[in-house]
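Take a look at the structure below.
Residue numbers (the working numbering): 152 to 408.
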């Protein structure tokens, strides 16, 4: 057995790490082994060991240590996972066949000490965890000596350094910005359609009014609204030009001076 220098990861918890036959055993102050990592894990790849308090929430403690680097606000991990579960309920209930009632019961529990009914479950919680935080997780089962790797059902945020995009801007951010731009374009197109409709209605009123002018004054059909001048009206029967015609011309800004 080769002795390795003392690793103080958590005060009053982990005191000594021994490596034997590619296995890793962690001892507490009372010299009893508390953790035995699966021999499939290369010791060179182990960069952190955490022995959580065994009060029923150890799985969530381990998660918050890996994510937040401290054990504070471990209940926020449960909250994030519960939000993920509610957001994609159909996937976990209908497609994966998870026990939703049990999962929510565990996630909504804030007890600092709980029974095995509220423990971190695998594969249910492992898959929910990787989906919530977009990171792969490997579960090593000491009892069955099996290793299971879980991957997110959704792709993680990727960062693009292409010159077409802003440096460091993620695909999700770009997608959000594109949606906003698309909404603005749709609103602009709607305004243009309304404007075109108003113009069409105005033209229709002008054509109808010119027809009324022709009916009242017996002016030539080829005369159009903006073409009507006093000299043109001289060819018409001036006795039939009424005050209503003058008011109508003024209404549509027709120059008859």
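We put the CB at the ideal spot given by N, CA and C, even for glycine.
This structure is a prediction, so every number in the text was calculated from the model and none was measured.
By the neighbour-count criterion, in which 16 or more other beta carbons inside 10 Å mark a residue as buried, residue 336 falls on the exposed side.
Its chain contains 261 as the residues whose beta carbon lies nearer than 7 Å to that of residue 226, once the 5 sequence neighbours on both sides are disregarded; these appear in chain order. Here DSSP, grouped into helix, strand and coil, assigns residue 251 to helix.
Around the beta carbon of residue 257, 16 or more other beta carbons sit within 10 angstroms, so the residue counts as buried.
Excluding the 5 residues flanking it on each side, residue 232 has same chain C-beta neighbours closer than 8 Å at 258, 276, 279, 280 and 283, in chain order. If you check the CB distance, residue 254 and residue 236 come in under 8 Å. Contact between residue 207 and residue 246 is ruled out by a C-beta separation of about 29 Å, above the 8 Å threshold.
Looking at the backbone, the Cα of residue 243 and that of residue 305 are separated by about 13 Å. In this chain, residue 284 is not harboured by any beta strand (DSSP E); it is covered by the alpha helix (DSSP H) spanning 275-284. Linking residue 300 to residue 212 through their CA atoms gives a straight-line distance of about 20 Å. DSSP, read as helix, strand or coil, puts residue 302 in coil. Spanning the alpha carbons of residue 359 and residue 346 requires a straight line of approximately 20 Å. Going by DSSP, residue 235 is part of the alpha helix (DSSP H) stretching over 226-238.
Short of 7 Å from the beta carbon of residue 354, and not among the five residues preceding or following it, lies no beta carbon of its own chain.
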